[in-house]
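K.L.:
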Ligand SMILES: Nc1ncnc2c1ncn2[C@@H]1O[C@H](COP(=O)(O)OP(=O)(O)O)[C@@H](O)[C@H]1O
Ligand SMILES: [Mg+2]
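In my numbering, the protein residues as written are 7 to 243.
#1: Quick check on DSSP: helix, strand or coil for residue 133?
#2: If you run the structure through DSSP and keep just helix, strand and coil, what is residue 13?
#3: Identify the continuous alpha helix (DSSP H) that holds residue 52 and give its terminal residues.
#4: In this structure, does DSSP put residue 195 in helix, strand or coil?
#5: Examine the Cβ distances between the segment 17 to 26 and the segment 136 to 150 and report whether three or more of them are shorter than 8 Å.
#6: Do residue 48 and ligand 1 come close, with the Cβ less than 8 Å from some heavy atom?
#7: Taking the CB atoms as reference points, tell me whether residue 218 and residue 46 lie closer together than 9 Å.
#8: With distances taken Cα to Cα, identify the nearest neighbour of residue 164 among 176, 11, 109 and 84.
#9: Under three-state DSSP, which class holds residue 95?
#10: Go ahead and pull the three-state DSSP assignment for residue 29.
#11: For residue 208 and residue 222, I'd like the C-alpha separation in whole angstroms.
#12: Kindly indicate which three-state DSSP category residue 158 falls into: helix, strand or coil?
#13: Measuring only the C-alpha atoms, how far is residue 77 from residue 57?
#14: Could you say which of 215, 205, 156 and 220 lies nearest to residue 230 if we only look at CA atoms?
#15: Closer than 6 Å by C-beta to residue 111: which residues in its own chain qualify, once you throw out the five before and the five after it? Chain order, please.
#16: Would you report the Cα separation of residue 49 and residue 167, rounded to the nearest angstrom?
#17: Checking the sheet assignment: what are the DSSP bridge partners for residue 216?
#18: Residues bridged to residue 41 by DSSP?
#19: So for residue 125, helix, strand or coil by DSSP?
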């Protein structure tokens, strides 16, 4: 049984149909990437799963329907959405941002302290900056903080929305290694990316979302040979 199963998902904002029957699945411990142009509905897909957007169709997590739950109930199941453009608490320190990620773990002080240490080992720069306000971090550092904050909630299923946005090439490479590491730690991950090279380099499988529909799907090795994908997404003529 897939950990996440989405069937015929539809989302509309007023009369505008954004998702028009998306079906996908993510297996336990799998890293699935979703690529697609601006406006394809990638963020809307993640918002529907975290129940910030109202979907039709079905979303099943570990065998149970979650499409009628509240956003908080979804988080309590272990589904964590690391949103586009980071959305940190700019006037809180790095450390306090990380602690906010663990706000549901009120009875697990020791575990939270352990995980804080783990995050500082994973991202040493965050340890150096732990008392600094989040707004003073560079773009790359803010992205690391956003991911680390998501991990502080001990997700079973992590959704990352365009983590590479605005990052320099070298930082993107570090990000790719980090994302692979998260997956190796056993966290099922759904990665939304406009950077197709990054998306392909880390994924077990890839979905191509265009105009609110799944246009193509497959393993990176196969999709990367597809002439359309090569031309449109990989920039190889
Ligand atoms: N809250 C909203 N109200 C109305 N339209 C929206 C809203 N959010 C997104 N859209 C529209 O839905 C489409 C898909 O947006 P989005 O899911 O953000 O795409 P992507 O993340 O793939 O760039 C866009 O045309 C966008 O303008
Ligand atoms: Mg988006």
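All residues carry an ideal CB built from backbone N, CA and C; glycine is no exception.
P.N.:
Let's see:
#1: Here residue 133 sits in helix by DSSP.
#2: strand
#3: Going by DSSP, residue 52 is part of the alpha helix (DSSP H) stretching over 48 to 55.
#4: strand
#5: no
#6: yes
#7: yes
#8: Distances from the CA of residue 164 to each of 176, 11, 109 and 84 were compared; the closest alpha carbon is that of 84.
#9: Three-state result, residue 95: coil.
#10: strand
#11: 18 Å
#12: coil
#13: 5 Å
#14: 205
#15: 118
#16: So the two alpha carbons sit approximately 7 Å from each other.
#17: 219
#18: 199 and 214
#19: helix
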